[in-house]
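Worksheet: one structure, shown below.
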Amino acid sequence: MKHAVHCGSLESERYWREEDLAALPSVPDAKALAIVQAMDELLFVFCGSGDILLTRHGMDKAQYDYLQSLNYSFKTNMNPLTLGVEAPGTAQNALNAMNVFELLGRLNPGQEPDRLIPEGAWLEPFAVLPGTHEAVKRYKLQPALPDEQTVRKVNTKTYSAAMRDRLLLPNIAVVVHSAEELLQSGQALLEKGAFLIKDEYGVSGKGNQLVDTERILRRIAGYLESSRNQDKRIKFVLEPLLDRETDFSCQFHIDPEGRISILSVQQLVNHGFAFGESHSPEPALLERLDREDYWEIMHSIGRELYADGYFGDVCVDSMLLRDGSLAPLVEINARKSMSLIKHNVDRQLKQEGMHTCLLQVPLATMGEVHYAELLGRLEREGILFSLGAGEGVIPLASGTLQPPDPSRSAGSTKGKLYAALAYRDEDSKHRLTRKLDESLLRSGYTILR
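Its first residue numbered 1, the sequence shown is counted upward by one per residue in full-length UniProt numbering.
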């Protein structure tokens, strides 16, 4: 039996972006990047027995031992994947700019991945990125992966917008290619209300700019015409701001022969445009999707993606609107997703009458906090999930709580706890959430939500 190697950089869109593409105004956030880079630990949920998980910074041994107690049986690196660059500066910035596959491709022979990866193993990436195919060749992995340029194309916002036309779905999108087009189309949209400017590779609350006044519109147009965007291509999708009632997503898989398997639907609680929580869908939502041929639309999207050369994991974002209508295709994400991670937690638990949700808790701390101490506190409080307890908190990553950030100065360190809750009813969920917050505060964290 061949084992699989699981790894990836979860902010995939960052690495798909072409250098000559203009971006919306934003403030670089090294602390946020450090958290995202440590999120690759969450990919343990995809590991079968004997599989290998490679993470950029290595997993805390306390977390590894805890996951083994839940019958996750995988191998992983405990030490960071580094090129020997220790000091902050230009070299460190170049290292941070690499995704995990580019990093793997430059490691010296004999480093830990060489000892962990068996020849002929299957690669299971979070997404196909620059350097993925080169890593396949170097480590002699099985290469059942789509072409990188195809993956770039099908993950753009313009591709999602064009897919609505291909499937004869209502399409509210307007694509603009210049600051002048942005102004003209934006002013027309403002006459009816606020709208969004979507970056080609925007994701997770970044790359979506809400415009509700002409002043904001003109400021963005001016930014795109400024010297910092000289010779850059302008390509954005404009869409009226939808009055959403429920966010949800569908996860499906396209195999290399084009067969499509619907895996799950997950309801989402978003904070603004960013991920907040993922939980199992209410029966009323599933009944609604049955009535409106939602599953056939998902299969149609899958067939079109395959016709364009893509196969692998897909997550389609959808909405129910307050006027009662369904928006089946908001965006296509041709990769794994947070909701697929949630689905795989469900598959592992398989407990009758148990509900699960995946959540994130933004944190800050002024000093060093030891992850093993937090696990111990959760256990003493009686809320750390175990196979015997049946319900509780399942921490999904250790490195995201206090990620290594060479650029940080003295002061607070930002992090996030990613966790799954297993609970029997809403009262149990509220109790677990409250006691989790108390445990984090007693462990030295400040909760930022």
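No residue lacks a Cβ here, since even glycine has one placed at the ideal position from N, Cα and C.
Supposed close pair residue i, residue j - CB separation, criterion 8 Å
| i | j | result |
| --- | --- | --- |
| aspartate 199 | phenylalanine 252 | With 8 Å as the limit, aspartate 199 and phenylalanine 252 do not qualify as a contact, their Cβ atoms being about 25 Å apart. |
| serine 412 | alanine 364 | 4 Å |
| glutamate 112 | asparagine 79 | 6 Å |
| glutamate 119 | lysine 140 | 5 Å |
| arginine 166 | leucine 329 | Contact doesn't hold; Cβ gap of about 10 Å is too wide. |
| aspartate 323 | aspartate 243 | 7 Å |
Residue i vs residue j beta-carbon contact at 8 Å
| i | j | result |
| --- | --- | --- |
| lysine 104 | leucine 81 | Checking the sequence shown, residue 104 turns out to be leucine, not lysine. Yes, they are a contact pair. |
| alanine 30 | proline 404 | no |
| serine 9 | asparagine 99 | yes |
| alanine 221 | leucine 190 | no |
| glutamine 63 | tyrosine 371 | yes |
| leucine 42 | isoleucine 341 | yes |
| leucine 95 | leucine 83 | yes |
| alanine 22 | isoleucine 234 | yes |
| histidine 6 | glycine 50 | no |
| lysine 414 | phenylalanine 126 | no |
| aspartate 60 | serine 398 | yes |
| lysine 435 | glutamate 381 | yes |
| leucine 358 | threonine 246 | no |
| leucine 217 | alanine 179 | no |
| valine 136 | valine 151 | no |
Same chain, Cβ closer than 7 Å to residue i, neighbours up to 5 away in sequence not counted
| i | result |
| --- | --- |
| serine 227 | none |
| glutamate 239 | Ile172, Ala173, Phe195, Leu196 and Lys198 |
| glycine 302 | Phe252, Ile254, Ile260 and Val314 |
| alanine 87 | Confidence is the limiting factor: at alanine 87 the pLDDT is only 44, short of 50, which leaves the residue's position unreliable and the question unanswerable from this model. |
| alanine 248 | Reading off the sequence, residue 248 comes out as phenylalanine, not alanine. Hits under 7 Å: Val265, Gln266, Gln267, Leu268, Pro281, Leu285 and Ser318. |
| glutamate 373 | Ser443 |
| leucine 67 | Phe44 |
| histidine 177 | Ile234 and Lys235 |
Minimum C-alpha distance to residue i - residue among the options
| i | options | result |
| --- | --- | --- |
| alanine 327 | Asp346, Gly309, Met298 and Tyr418 | Met298 |
| glycine 367 | Gly353, Asp51, Thr446 and Asp290 | Thr446 |
| asparagine 270 | Phe44, Ser318 and Ala4 | Ser318 |
| serine 280 | Glu245, Arg335 and Arg347 | Arg347 |
| glutamine 402 | Ser160, Val36, Arg322 and Gly388 | Val36 |
| asparagine 71 | Lys429, Asp427 and Ser386 | Ser386 |
| valine 316 | Arg322, Tyr294 and Gly193 | Tyr294 |
| glutamate 292 | Leu53, Leu169, Val27 and Val151 | Leu169 |
| phenylalanine 74 | Gly58, Asp65, Ile52 and His57 | Ile52 |
| glutamate 352 | Glu331, Asp425 and Leu375 | Asp425 |
Close-in-space but distant-in-sequence residues of the same chain around residue i (CB under 8 Å, 5 per side omitted)
| i | result |
| --- | --- |
| histidine 343 | Gln251, Leu263, Ser264 and Gln266 |
| leucine 432 | Ile383, Glu391, Gly392, Val393, Leu421 and Tyr423 |
Residue range of the beta strand (DSSP E) that includes residue i
| i | result |
| --- | --- |
| histidine 355 | 355-365 |
| isoleucine 332 | 326-333 |
| histidine 6 | 4-7 |
| glutamate 200 | 195-203 |
Range of the contiguous alpha helix (DSSP H) that encloses residue i
| i | result |
| --- | --- |
| arginine 244 | Run containing arginine 244: none in the alpha helix (DSSP H); it sits in the beta strand (DSSP E), 244-254. |
| tyrosine 64 | 61-69 |
| glutamine 37 | 30-38 |
| phenylalanine 101 | 100-106 |
| tyrosine 418 | Counting along the chain, tyrosine 418 falls outside any alpha helix (DSSP H), though it belongs to the beta strand (DSSP E) covering 413-423. |
| valine 151 | 148-154 |
Same chain, Cβ closer than 6 Å to residue i, neighbours up to 5 away in sequence not counted
| i | result |
| --- | --- |
| glycine 202 | Asn208 |
| threonine 156 | Glu200 |
| asparagine 229 | Ala22 |
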